[in-house]
Each structure stands twice: as C-alpha cells, then as structure tokens.
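K.L.:
Quick one: structure below, then a few questions.
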Amino acid sequence: TGSIDSLTNSGTITGQYAAIYNDKLGTLGPITNSGVIAGAIMNEASQDLNINGGTGSTFGLLTGFGGGTDIGDVGLITNTASNVIFGSGNQLLNDNINVGSFKVSNQGTLLVNNSITITGNYDQAANAKLLIGVSDSAVAAGTASDSGYGRLVVTGDANIASGSSVGLVSTHTYGFAQGQRYLVVQAGGAGTNYNADTLHYSVAGYDVSGTSVVDGANKNLVLTVGAVQSVTPPVTPPTSNGPINRANTADGTASLAGLFNYQGFNADLMNVFNAAAANGSTAAGNKAGAQLSPTANLAAATQGSVASTVQVLNVTSAHLEGLRGGSTGVSTGEGPPTSGLWTQAFGGTAHMDERDDIAGYSARYNGLLLGADGMLNDNWRLGGLFSYTKTTLNNNGNNDGSSADVKSYGLFGYASYNANPWYLDLSVGAVQHQYDTQRQVDFTGVNGTAKGSHNGMQYTASAQAGYPIDLGASMANVILTPIAGLSYSTLRQDSYTEKGGAGTALHVNADNLNSLKSDLGAKLARAFATSYGSLTPSAQLTWRHEYRDSALQSVANFSADTTGATSFSSTGPKAVGDTGVLSVGLTLVTHNNLTVAAHYTGETGGGFNANTGDLQVRWAF
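Numbered by the UniProt record's numbering, the letters in the sequence shown go through residues 1 to 621 in order.
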C-alpha cells in the first residue's frame with residue numbers, strides 16, 4: 001500500500017526479490033530511469049506502469065538482478081493487471097515482460113540487444129523507435145539460444161504505427177554487409193500489423209528495407225541490409241541487394257551461394273548467413289566457404305579409407321610373393337607346405353597437399369590382417385583374410401581443425417596361379433568403412449563443430465602378373481621380376497546429417513567414387529642360406545597410374561533449411577594421376593616352417609606421400 005507520485009533514478013535500484021514492487025492497493029507514478037534498475041519489477045495495481053528513459057545519448061537500463069546486459073542477465077517485468085508504457089526517452093530493455101491480456105506500448109526509444117519475450121501485446125507509436133542491437137559475438141561459442149542480435153518475441157498482437165522507426169545498431173564493432181537479414185519482431189497474434197511498407201528503417205552506412213513475412217503461425221518483421229549508401233563522388237550501385245559472394249574458389253563459391261539462398265528464419269542459420277555476408281575480402285570468403293562445405297573433410301575421409309584398402313592389397317600381394325620359393329619367385333625344388341595361417345600388422349602416415357583449391361590433410365593409420373591359405377593343386381593356391389584398419393585424418397589450410405576417424409572392416413579372397421616361371425595373383429574383397437567426421441567452422445561471428453557419422457561400402461578386385469628371371473651366377477643369382485597389375489574399386493557412401501555446428505550443420509547426399517589403377521614395375525630379390533633358415537632381402541619399384549581421375553562430387557544443403565533452397569554441389573580434388581611406389585623387405589623362412597617378414601613401402605607423387613611399415617608372421621603346416 002502507499003503512494004509514490006513519481007520516481008526518478010539516475011543511479012542503481014536493485015533487489016534480489018524485486019527491485020521495484022507495487023501491490024494492488026499501491027499507487028506508483030511515472031518512473032524516470034536514466035540509471036540502472038536491476039531486478040524484477042512487479043506491479044499488481046490496475047493503473048498503467050509508466051517508465052521514461054534517459055535523454056540524448058543516455059539510455060536507462062532495465063535488467064535482471066545481476067545488472068549485466070548479456071542474455072544470461074535478462075530479468076522480468078510482471079504487470080498483468082494493466083499496460084506497460086515506455087514514454088519519452090531512451091531505454092535499454094533487458095527484461096522479459098508479462099502483461100497478460102494487456103499491452104506494452106513503446107512511445108519513446110527502445111533498444112533491445114537480446115531476445116526479449118513479451119507475454120501479451122505490443123504497440124509502437126508513430127514517433128517511437130525500436131533499435132535492434134547486433135553483437136560481435138553472435139553465437140561465437142555455439143550457444144543456440146543466443147541469436148547474436150536483439151529481437152522482440154510477442155505472444156499476442158504486435159502493431160507498429162505507420163511512420164514509426166526501426167533500426168539496426170552495432171553494439172561493438174560488428175560489420176554490417178549487403179544481403180544480411182534480421183528477424184526483429186516475431187508475433188503470434190492474428191491481429192498483428194507491422195505497416196512494413198510505411199516504416200522508417202536505418203542502419204549506419206547502408207540502405208535497409210523491411211518486410212512482413214508469415215512463418216507458420218507467426219508473423220515476422222524482417223530487415224534486410226541493402227547496398228552501401230551513396231557517397232560523393234557517386235558510385236554505380238550493385239544490380240542486386242543480395243549478399244556479395246566474396247569467394248573465388250569453386251568450393252567456396254558453391255557453399256556460400258547455397259547459404260545465401262536461405263529465406264527462412266532459423267536463428268542459428270540466419271546468424272551464419274549474416275556473418276558470411278559480412279566477409280570483407282576474397283581470402284575471408286574463401287575460408288568461410290571452405291569451412292561451410294563438406295568437401296575437404298569428406299574428401300580426406302574418403303581418400304584415407306580408400307588408401308587403407310590399398311595398403312591391405314599391398315600386404316596381400318607381398319604375402320603371396322613370399323610364398324613363392326622362399327620369396328625369390330623361383331621354385332627351390334622343395335614346394336612350400338600346403339597350408340598356413342598368418343597374421344600381419346601394419347601402420348603408417350600419409351600427407352596430401354592442397355589440391356584444386358581443396359585443403360589437404362595428414363593421416364595416421366594402423367591395421368591388422370588375419371589370413372589362411374592352402375594349395376588347391378600343384379598350380380593354384382587359395383586363401384582368405386579379414387582386415388581391420390583405423391585411420392585418423394586432420395585437415396589443414398582453410399579447414400584446419402576439421403578431422404575424421406575411419407574404421408574399416410574387410411573380407412578378402414585371394415588366389416595365386418603359378419605357371420612356372422610366370423605367375424598370376426588375384427584378389428577380390430569387400431570393405432565396410434565407418435566414418436565419424438568433425439567439421440570445424442570458425443570465422444568472424446561463427447564458431448562451431450558440425451559432427452557427422454555415416455557408413456560406406458567398398459568393393460575391390462585386383463590382378464597382378466609377374467615373370468621371375470634368374471640373372472645367373474654372374475649376378476649372384478639375383479631374381480629380377482617384371483610386374484604388371486590392375487586394380488578396380490568402387491565406393492558408395494551413405495547420406496548423413498550432421499549435428500551441432502551452431503547453424504552450420506549440413507545434410508550430405510550419398511555419393512559414389514570409382515578407381516581404376518595400373519601398376520608397372522620390377523622387383524629384385526635374392527635368397528641367402530643362414531643357420532636360421534632362408535633369408536631374402538628384396539626391393540621393388542613401381543609406377544602406379546590412376547585412370548579414373550574424376551573427383552568426388554558432394555551435394556549438400558544446410559540441415560536447418562527444410563525447403564532445400566540452400567542445396568549446393570561441390571567438387572573435391574581430382575585423384576592423383578601418377579605415383580611412384582618403393583617397397584623394400586626382408587623375409588626369413590625358418591626350418592620349422594615359421595616365416596617372419598618385414599616391409600617398408602613408400603608412395604609419393606602429385607602432392608601425396610605415404611609411408612607404411614608392416615610385420616608378418618606365418619605358420620605353415
């Protein structure tokens with residue numbers, strides 16, 4: 001109870017329960033606030049709650065008990081028995097307002113830096129102004145609830161009088177850019193009328209327009225930043241008010257073009273849209289475009305998984321070679337045992353430079369093979385193996401911070417035909433790849449990690465022929481084996497939808513990748529008798545050529561876009577056409593039919609290099 005004719009505050013009024021409380025029998029006159037009111041404001045009386053603000057450049061602050069202006073500091077004004085009237089002067093509103101079936105009336109200047117909910121109705125007079133603050137840190141930490149700029153969310157009707165003003169202001173150093181869109185008022189009432197065509201809009205340095213857009217049950221007032229305002233001397237205006245795509249790489253241009261087609265109102269995706277539109281240079285556009293595209297991350301994961309299968313084929317080929325006459329490739333007169341079990345572990349690293357404007361990567365991989373084989377007759381040997389490989393890849397360049405983990409499980413069948421002296425090795429296999437991708441997006445205004453998970457299925461077939469030649473006693477009985485091989489594989493990857501990413505998550509369509517490679521080379525080997533058994537060092541040099549140099553095609557759209565308007569297609573780097581492969585090894589066949597072999601294989605060419613070591617143990621019986 002009691003009466004206050006008027007209340008003037010130029011300092012701080014605060015209270016943990018309430019900063020200002022007026023019960024239903026009390027009388028509270030106009031509040032003039034050029035300072036801070038931190039805490040709940042509660043008015044139970046039936047008379048209107050009138051709040052005036054500061055003058056000139058001074059804004060009174062209405063906020064929660066913490067006294068700050070961040071989204072976590074938002075307070076509450078409860079006034080369900082009457083209207084809340086913001087009269088003359090300037091107010092920074094950081095309180096949600098509950099007026100029940102009544103209204104909030106803006107008759108002065110209201111600055112909103114966060115998403116503020118009005119439970120009830122909202123009116124704005126013709127001489128009033130609504131300012132929307134835009135922050136530098138728009139979803140910078142990936143907080144989905146923080147759109148990075150202010151807005152009014154009205155549960156009832158929102159009515160803005162013809163001739164009223166709505167403007168955008170940067171709260172720090174945020175850069176506005178042509179084509180950015182901001183949802184400034186969202187109202188759920190059927191009686192909403194923004195008079196969008198007759199309002200006065202403003203943003204420093206740019207033209208700006210407003211549109212009333214129906215989005216389901218809501219009616220939104222959306223502001224679109226236009227061209228830079230004319231200067232002296234005059235410049236030729238752009239032909240479009242859409243955002244400027246600063247990227248000049250094919251990948252960056254494609255993803256930004258898809259993003260800039262977005263016309264929806266998802267807060268996170270609108271933030272990404274606006275941040276990307278604010279890029280002021282080609283380098284910034286290329287970086288943002290590369291990070292918003294799945295291409296570099298997916299290409300690295302794909303190439304890494306395919307490369308791991310190649311390593312399995314290399315190991316299988318070396319294993320079959322080791323079975324021919326103690327790895328010499330020439331029969332010793334004592335045929336090898338008819339059957340055997342073997343296991344082989346391998347590991348290595350790989351690196352790919354930037355290629356076709358797509359960021360490169362570094363990779364680490366390791367794997368294990370378990371196999372068994374036996375003689376079908378004097379000429380044919382048949383076998384099978386299981387393979388497991390784990391590959392970890394990290395992008396570099398514009399996609400630094402993105403990574404992928406791939407687990408691969410394979411089943412292979414292999415055969416060797418020995419026609420003495422020539423031979424033919426054959427293999428077929430199927431490999432399931434399990435991909436976990438992490439795509440880092442980090443440019444001004446956006447910071448998030450979009451995570452994806454999907455499977456791929458690869459089928460492969462290969463053939464390799466050789467013709468061992470004994471160079472004779474004058475050459476210490478070194479065996480020279482010319483080798484020619486051909487391998488084919490096809491990989492189909494499933495579609496997937498990323499999660500997280502602060503609005504940058506993508507839905508990526510399924511895709512296919514085919515490969516046809518030839519090998520042409522020669523191997524030198526010589527067996528030495530030792531007290532432990534036959535010891536054979538070997539060296540092989542091969543030229544590997546890829547005939548299917550087509551690149552991975554990725555089709556994606558931003559997952560928050562339910563219309564598909566943001567769909568874009570991007571092309572990965574072409575496969576490396578030619579590489580050189582060097583393999584050196586040492587094989588020991590003991591007297592008790594135990595074989596131990598170790599190899600190093602290096603492959604390089606076209607910006608790609610890989611180094612692999614393996615160790616095999618085989619027990620023959």
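No residue lacks a Cβ here, since even glycine has one placed at the ideal position from N, Cα and C. This one's a predicted model, so the numbers in the text were calculated from it and none came from an experiment.
Report yes if the C-beta distance between N593 and A620 is below 7 Å; otherwise report no.
P.N.:
Yes.
K.L.:
Less than 7 Å between the C-beta atoms of Y361 and N395, yes or no?
P.N.:
A contact, by the Cβ cut-off of 7 Å.
K.L.:
Output the distance between the C-alpha atoms of W380 and D470, rounded to the nearest integer angstrom.
P.N.:
Between W380 and D470, the C-alpha separation is close to 22 Å.
K.L.:
Have a look at Y17 and G75 and give me their C-alpha separation to the nearest angstrom.
P.N.:
Between Y17 and G75, the C-alpha separation is close to 11 Å.
K.L.:
Less than 7 Å separating the beta-carbons of Y414 and T497?
P.N.:
No, they are not a contact pair.
K.L.:
If we ignore side chains and look at the alpha-carbon of each, how far apart do N271 and G226 end up?
P.N.:
So the two alpha carbons sit approximately 17 Å from each other.
K.L.:
Below 8 Å, can you find three or more Cβ-Cβ pairs linking the segment 441–455 to the segment 496–511?
P.N.:
Contact holds: three or more Cβ-Cβ distances are below 8 Å.
K.L.:
Consult DSSP for N114 and reduce its assignment to one of helix, strand or coil.
P.N.:
Looking at N114 - three-state DSSP - the assignment turns out to be coil, as it is neither helix nor strand.
K.L.:
Closest to Y206 by C-alpha separation, out of Q186, R181, G216, T192, would be which residue?
P.N.:
Selected option, being the one with the closest Cα: R181.
K.L.:
Checking the sheet assignment: what are the DSSP bridge partners for T391?
P.N.:
According to DSSP, which records beta bridges pairwise, T391 is partnered with Y365, V406.
K.L.:
Taking L486 as the reference, give the member of T563, S462, T224, N557 with the closest Cα.
P.N.:
Ranking T563, S462, T224, N557 by Cα distance to L486 puts S462 first.
K.L.:
Does the distance from the CB of G60 to the CB of N33 come in under 7 Å?
P.N.:
Yes, they are a contact pair.
K.L.:
Take S293 as the anchor and find which of F346, S164, A359 has the nearest alpha-carbon.
P.N.:
The shortest Cα separation from S293 among F346, S164, A359 belongs to A359.
K.L.:
So is Q616 buried or exposed if we call it buried at 16+ other beta carbons inside 10 Å?
P.N.:
That one is buried.
K.L.:
Starting from M352, follow the beta strand (DSSP E) in both directions and report where the run begins and ends.
P.N.:
Where M352 is concerned, the enclosing beta strand (DSSP E) stretches over 339–352.
K.L.:
Counting only runs of 3+ residues fully inside the segment 33–118, write out the beta strand (DSSP E) ranges in chain order.
P.N.:
For the segment 33–118, whole beta strand (DSSP E) runs of length 3 or above, ordered along the chain, are 36–38, 41–43, 49–52, 60–63, 75–78, 84–86, 90–93, 95–106, 109–112.
K.L.:
Can you find the residues in the same chain that come closer than 8 Å, C-beta to C-beta, to Q229, ignoring five residues on each side of it along the sequence?
P.N.:
Taken in chain order, the residues that qualify are G205, Y206, D207.
K.L.:
The alpha helix (DSSP H) spanning S305 covers which residue range?
P.N.:
Where S305 is concerned, the enclosing alpha helix (DSSP H) stretches over 295–322.
K.L.:
Can you tell which of G54, K103, M352 has its C-alpha closest to the C-alpha of K574?
P.N.:
It is M352 whose Cα lies nearest to the Cα of K574.
K.L.:
Does the segment 599–606 come within contact of the segment 278–287, defined as at least 3 CB pairs closer than 8 Å?
P.N.:
No contact exists between the segment 599–606 and the segment 278–287.
K.L.:
Beta strand (DSSP E) containing F558: first to last residue?
P.N.:
Where F558 is concerned, the enclosing beta strand (DSSP E) stretches over 553–558.
K.L.:
Taking only the alpha-carbon atoms, compute the straight-line gap between G252 and G175 and give it to the nearest angstrom.
P.N.:
Spanning the two alpha carbons is a distance of roughly 21 Å.
K.L.:
Looking only at C-alpha atoms, which of G26, T437, T63, Y547 sits nearest to D519?
P.N.:
It is Y547.
K.L.:
I'd like to check one pair, T612 with G216: are the Cβ atoms closer than 7 Å?
P.N.:
The answer is no: Cβ separation not under 7 Å.
K.L.:
Would you report the Cα separation of D425 and L320, rounded to the nearest angstrom?
P.N.:
C-alpha separation (whole angstroms): 8 Å.
K.L.:
Helix or strand or just coil, what does DSSP make of D400?
P.N.:
Here D400 sits in coil by DSSP.
K.L.:
Would you identify the three-state DSSP class for A415, choosing helix, strand or coil?
P.N.:
The answer is strand: DSSP assigns A415 an E or B state.
K.L.:
For the candidate residues D494, S10, N22, whose alpha-carbon lies nearest to that of I4?
P.N.:
That would be N22, whose Cα lies nearest to the Cα of I4.
K.L.:
Looking at the structure shown, is S531 part of a helix, part of a strand, or coil, going by DSSP?
P.N.:
Here S531 sits in coil by DSSP.
K.L.:
Identify every residue that forms a DSSP beta bridge with V441.
P.N.:
In the DSSP output, where bridge partners are listed per residue, V441 has G448.
K.L.:
In the DSSP assignment, find the unbroken beta strand (DSSP E) run with G602 in it and report its ends.
P.N.:
It spans 594–605 - the beta strand (DSSP E) in which G602 sits, taken as one unbroken run.
K.L.:
Does the pairing of the segment 149–161 with the segment 425–440 give three or more beta-carbon distances under 8 Å?
P.N.:
The answer is no - the segment 425–440 does not touch the segment 149–161, with fewer than three Cβ pairs under 8 Å.
K.L.:
Based on the DSSP output, what are the partners of F386 in its beta bridges?
P.N.:
F386 is bridged to L370, L411.
K.L.:
Express the C-alpha separation of A196 and T211 in angstroms, rounding to a whole number.
P.N.:
Straight-line Cα distance between these residues: approximately 6 Å.
K.L.:
Okay, do the segment 250–269 and the segment 361–371 touch, 3+ Cβ pairs below 8 Å being the bar?
P.N.:
No, the segment 250–269 does not touch the segment 361–371.
K.L.:
Closest to G258 by CA distance: which of L586, G39, S569, D70 is it?
P.N.:
Ranking L586, G39, S569, D70 by Cα distance to G258 puts S569 first.
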